[in-house]
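Numbering (my numbering), first residue to last: 5 to 426. Note that the Cβ used here is the ideal one computed from N, Cα and C, for glycine as well. These notes concern the structure reproduced below.
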Amino acid sequence: MESESIALSRQREIYMAGLRGKKMSIPFTYDALVEAAREVMSDPAWAYVMGAAGAEKTMHTNTAAFDSWKILPRVLRDVGSRDISTSYAGKSFNTPFFICPVGSLGLVHAKADLAAARAAARLGIPFMSSNQSSISMEDLSQGMGTGPKMFQLYWSNSDELVSSFIQRAEQANFDALVVTVDNTLLGWRSRDLQSAYLPYLHGHGLAHYTSDPVFRQLVEETRDKPSATGGVNLKVISALIQMAYRHPGSTWANLRSGISLKSARKFVDVFMKPSLSWSDIRQLRDMTQLPIVVKGIQHPEDAALAVDAGVNTIMVSNHGGRQVDGGISSLDALVGVMDAVGGKVDVLFDSGIRSGMDAFKALALGAKAVGIGRPFVLALALAGEQGVRDLLLNYVAEFELTMGLSGCSTVQEITMDFLKRI
Ligand SMILES: Cc1cc2nc3c(=O)[nH]c(=O)nc-3n(C[C@H](O)[C@H](O)[C@H](O)COP(=O)(O)O)c2cc1C
Numbered sequence: 005m006e007s008e009s010i011a012l013s014r015q016r017e018i019y020m021a022g023l024r025g026k027k028m029s030i031p032f033t034y035d036a037l038v039e040a041a042r043e044v045m046s047d048p049a050w051a052y053v054m055g056a057a058g059a060e061k062t063m064h065t066n067t068a069a070f071d072s073w074k075i076l077p078r079v080l081r082d083v084g085s086r087d088i089s090t091s092y093a094g095k096s097f098n099t100p101f102f103i104c105p106v107g108s109l110g111l112v113h114a115k116a117d118l119a120a121a122r123a124a125a126r127l128g129i130p131f132m133s134s135n136q137s138s139i140s141m142e143d144l145s146q147g148m149g150t151g152p153k154m155f156q157l158y159w160s161n162s163d164e165l166v167s168s169f170i171q172r173a174e175q176a177n178f179d180a181l182v183v184t185v186d187n188t189l190l191g192w193r194s195r196d197l198q199s200a201y202l203p204y205l206h207g208h209g210l211a212h213y214t215s216d217p218v219f220r221q222l223v224e225e226t227r228d229k230p231s232a233t234g235g236v237n238l239k240v241i242s243a244l245i246q247m248a249y250r251h252p253g254s255t256w257a258n259l260r261s262g263i264s265l266k267s268a269r270k271f272v273d274v275f276m277k278p279s280l281s282w283s284d285i286r287q288l289r290d291m292t293q294l295p296i297v298v299k300g301i302q303h304p305e306d307a308a309l310a311v312d313a314g315v316n317t318i319m320v321s322n323h324g325g326r327q328v329d330g331g332i333s334s335l336d337a338l339v340g341v342m343d344a345v346g347g348k349v350d351v352l353f354d355s356g357i358r359s360g361m362d363a364f365k366a367l368a369l370g371a372k373a374v375g376i377g378r379p380f381v382l383a384l385a386l387a388g389e390q391g392v393r394d395l396l397l398n399y400v401a402e403f404e405l406t407m408g409l410s411g412c413s414t415v416q417e418i419t420m421d422f423l424k425r426i
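Right under this line is the structure:
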């Protein structure tokens with residue numbers, strides 16, 4: 005008996021809507037999505053989302069790597085029932101997808117993180133809340149209900165702030181802690197440098213900070229009276245107003261007190277900890293009961309060190325090529341990491357996923373689930389929550405069909421045997 009599947013109901017929904025003359029909120033291919041989103045996104049938002057480090061070679065290598073692996077399908081293997089569920093970080097999930105942590109989403113859509121998180125929650129797809137969120141973790145968690153959620157941490161140089169974020173994530177019912185380790189310094193992002201635009205300095209993506217008691221105390225303790233740098237002109241005034249608007253409280257009061265500017269400055273002071281090392285990760289194991297996912301692993305030896313440090317899950321990622329230019333593709337890194345880990349912990353993957361077919365390839369190389377990054381941001385920019393929902397359903401449907409048409413009934417059956425490197 006044919007089981008009811010997301011793929012079949014999605015196809016039916018789309019073709020039936022077509023009969024009524026209704027089109028989907030977003031285009032189906034990644035290239036068309038990019039083209040459509042460019043029309044609605046501001047120049048700085050476009051640069052921030054689509055840009056990467058240096059000459060952007062790592063970013064291109066990430067997607068090119070998927071083309072070097074081809075699927076070798078099997079037939080007549082009774083795929084009448086298809087189970088696309090997977091498990092990692094101590095939980096089961098109904099699809100092998102999650103939403104990657106992406107900061108400053110307020111740049112692309114007014115409802116930002118909440119819209120994307122709700123779309124994911126309604127489908128039971130995990131949402132990783134970026135450290136640079138536009139909404140506090142408590143409000144986000146409430147808005148998501150029981151939907152699976154993970155908190156992504158950038159390790160600050162204030163230990164108290166790190167502890168506070170972790171405790172808040174636990175209290176707000178996040179299911180896991182994702183610690184990103186490839187961003188201890190901000191990459192050389194050519195397009196952002198060209199537009200001289202850093203979202204945080206315009207008040208984007210600071211909600212976890214401005215809602216945090218430890219951070220507020222740090223801001224309070226800052227003595228200097230903030231003043232705009234290099235004189236005041238219309239651009240500076242506009243930036244100050246935007247910053248004040250995005251800060252909790254009344255825009256006017258924020259402007260008068262200078263709290264929003266002080267907060268942005270303090271954020272820049274505390275944001276990163278370049279001295280972060282494996283001993284911090286080992287310490288993290290004692291700081292929380294939550295499963296720990298370490299995000300940003302490429303080297304097999306780092307994967308082995310992560311296992312030794314007691315993490316539950318490794319995420320192979322190169323931040324979508326935004327940190328080190330001229331690097332290997334994240335997909336190639338996955339192969340090395342799988343060997344080094346030897347099944348001791350679960351491995352997740354991101355950086356280059358552009359379709360359900362890509363997900364099949366990454367799972368065949370060993371990943372338990374894959375993260376959707378830029379594509380969901382473009383869908384959000386185009387059509388908010390509905391856009392993200394459509395994108396997720398399309399990816400899940402295409403994945404399920406690729407799996408079935410390749411001869412697999414469960415994600416566990418998807419192995420290297422179904423791939424050929426050409
Ligand atoms: C605009 C943008 C912002 C991002 N912000 C974060 C972040 O706040 N935290 C984080 O761990 N990763 C962040 N990432 C990296 C993503 O989580 C993910 O690793 C990356 O998007 C995967 O590459 P892809 O989108 O090309 O597939 C960001 C990526 C983009 C494109």
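- Range covered by the beta strand (DSSP E) that runs through M291: To locate residue 291, count along the sequence shown from 1; it is residue 287. Here M291 belongs to no beta strand (DSSP E); instead the alpha helix (DSSP H) covers W282 to M291.
- So, is H303 buried or exposed, given that buried needs 16 or more other C-beta atoms within 10 angstroms? Indexing the sequence shown from 1 puts residue 303 at position 299. Per the 10 Å Cβ criterion, exposed.
- Item | Q175 CB to nearest heavy atom of ligand 1 below 7 Å | The sequence position of residue 175 within the sequence shown is 171, counting from 1. No; taking the cut-off as 7 Å, the Cβ of Q175 has no heavy atom of ligand 1 nearer than that.
- Query: Whose CA, out of S410, F169 and D117, lies closest to the CA of L144?
  - Reply: In the sequence shown, residue 144 corresponds to position 140, counting from 1. The shortest Cα separation from L144 among S410, F169 and D117 belongs to D117.
- Query: By how many angstroms is the C-alpha of C412 removed from the C-alpha of T406?
  - Reply: Your numbering for residue 406 matches position 402 in the sequence shown. Your numbering for residue 412 matches position 408 in the sequence shown. Spanning the two alpha carbons is a distance of roughly 9 Å.
- Using the beta-carbon count (16 or more within 10 Å), is D216 buried or exposed? On the sequence shown, position 212 is the one that residue 216 refers to. D216 should be labelled buried.
- Looking at C-alpha atoms only, which residue of V374, V274 and T214 is the closest neighbour of I88? One-based indexing of the sequence shown puts residue 88 at position 84. Of V374, V274 and T214, the residue nearest in Cα terms is V374.
- Which of helix, strand or coil DSSP assigns to Y92: Looking up residue 92 in the sequence shown gives position 88. Correct three-state label for Y92: strand.
- Pick from W159, E417, E17 and T65 that is closest to D284, judged by C-alpha positions: If you number the sequence shown from 1, residue 284 lands on position 280. D284 has its Cα closest to that of W159, out of W159, E417, E17 and T65.
- Chain-order list of residues whose beta-carbon lies under 6 Å from that of G191 (same chain, five-residue window excluded): Here the question's residue 191 lines up with position 187 in the sequence shown. For G191, where only same-chain residues beyond five positions count, the Cβ hits under 6 Å are A57, R326 and Q327.
- In terms of residues, what are the limits of the beta strand (DSSP E) holding V341? Stepping through the sequence shown from its first residue, residue 341 is reached at position 337. No beta strand (DSSP E) contains V341, which is instead part of the alpha helix (DSSP H) from S334 to V345.
- Message: What would DSSP say about M319, mapped onto helix, strand or coil?
- Response: Taking the sequence shown and counting its residues from 1, the one referred to as residue 319 is at position 315. In this structure, M319 counts as strand in the three-state DSSP scheme.
- Message: Would N135 and H212 be called neighbours here (beta carbons separated by less than 8 Å)?
- Response: Working through the sequence shown from its first residue, we reach residue 135 at position 131. Working through the sequence shown from its first residue, we reach residue 212 at position 208. Against a cut-off of 8 Å, the Cβ pair of H212 and N135 comes out as a contact.
- Item | beta-carbon Q156 near ligand 1 non-hydrogen atom, thresh 7 Å | Here residue 156 refers to the residue found at position 152 when the sequence shown is read from its first residue. Yes, the Cβ of Q156 comes within 7 Å of a heavy atom of ligand 1.
- Task: Using only the heavy atoms of ligand 1, determine whether one of them is closer than 7 Å to the beta carbon of S89.
- Result: Looking up residue 89 in the sequence shown gives position 85. S89: no, Cβ never under 7 Å from ligand 1.
- Just to confirm, does R326 get its C-beta within under 7 Å of one of the non-hydrogen atoms of ligand 1? Locating residue 326 in the sequence shown gives position 322, counting from the first residue. Answer for R326: yes, Cβ within range of ligand 1.
- Message: For M132, count the other beta carbons within 10 Å of its own beta carbon; 16 or more makes it buried, fewer makes it exposed. Which is it?
- Response: Here residue 132 is taken as the residue at index 128 of the sequence shown, counted from 1. It is buried - the Cβ of M132 has at least 16 other Cβ atoms within 10 Å.
- Query: How long is the line joining the alpha carbons of I418 and D354, rounded to whole angstroms?
  - Reply: For the purposes of this step, residue 418 is identified with residue 414 of the sequence shown, where counting begins at 1. For the purposes of this step, residue 354 is identified with residue 350 of the sequence shown, where counting begins at 1. Roughly 18 Å between the two C-alpha positions.
- Cβ atoms of V392 and A59: under 8 Å apart, would you say? On the sequence shown, residue 59 is found 55 positions in, with the first residue counted as 1. On the sequence shown, residue 392 is found 388 positions in, with the first residue counted as 1. No, the Cβ-Cβ distance between A59 and V392 is not below 8 Å.
- Query: Looking at C-alpha atoms only, which residue of H323, G408 and S199 is the closest neighbour of H64?
  - Reply: The sequence position of residue 64 within the sequence shown is 60, counting from 1. The shortest Cα separation from H64 among H323, G408 and S199 belongs to H323.
- Query: Which same chain residues, not among the five before or five after R126, have their C-beta less than 8 Å away from its C-beta?
  - Reply: In the sequence shown, residue 126 corresponds to position 122, counting from 1. Taken in chain order, the residues that qualify are G151 and R393.
- Task: Have a look at L396 and P379 and give me their C-alpha separation to the nearest angstrom.
- Result: Position 392 of the sequence shown, counting from 1, holds the residue named residue 396. Position 375 of the sequence shown, counting from 1, holds the residue named residue 379. Straight-line Cα distance between these residues: approximately 10 Å.
- Task: Identify whether R484 lies in helix, strand or coil by the three-state DSSP scheme.
- Result: Any answer about residue 484 is impossible in this case: the structure gives the chain only from 5 up to 426.
- Message: Please state whether the Cβ-Cβ distance between V345 and I318 is less than 8 Å.
- Response: The count along the sequence shown starts at 1 and reaches residue 345 at position 341. The count along the sequence shown starts at 1 and reaches residue 318 at position 314. Yes, these two residues count as a Cβ contact at 8 Å.
- Classify I376 as helix, strand or coil using the three-state DSSP reduction. Along the sequence shown, one-based indexing puts residue 376 at 372. In the structure shown, I376 sits in a strand (DSSP, three-state: E or B).
- Rank K26, R24, S108 and S9 by C-alpha distance to the C-alpha of L384 and give the top, closest one. Taking the sequence shown and counting its residues from 1, one reaches residue 384 at position 380. If we check each option's Cα against that of L384, S108 comes out closest.
- Message: How far does the beta strand (DSSP E) with I75 in it extend, from its first residue to its last?
- Response: To locate residue 75, count along the sequence shown from 1; it is residue 71. Residues W73 to I75.
- Sub-8 Å separation of T184 and L280 beta-carbons: The sequence position of residue 184 within the sequence shown is 180, counting from 1. The sequence position of residue 280 within the sequence shown is 276, counting from 1. Contact: no.
- Please confirm whether any heavy atom of ligand 2 lies closer than 7 Å to the CB of K299. Among the ligands in the structure shown, ligand 2 does not appear; only ligand 1 can be found there.
- Message: Please give me, in chain order, every unbroken run of the alpha helix (DSSP H) with length at least 4 that falls completely inside the segment 160-226.
- Response: 163-175, 194-199, 211-214 and 217-225
- Under the criterion of a Cβ to heavy atom distance below 7 Å, does D354 qualify as lining ligand 1? Indexing the sequence shown from 1 puts residue 354 at position 350. Yes, since a heavy atom of ligand 1 falls inside the 7 Å radius drawn around the Cβ of D354.
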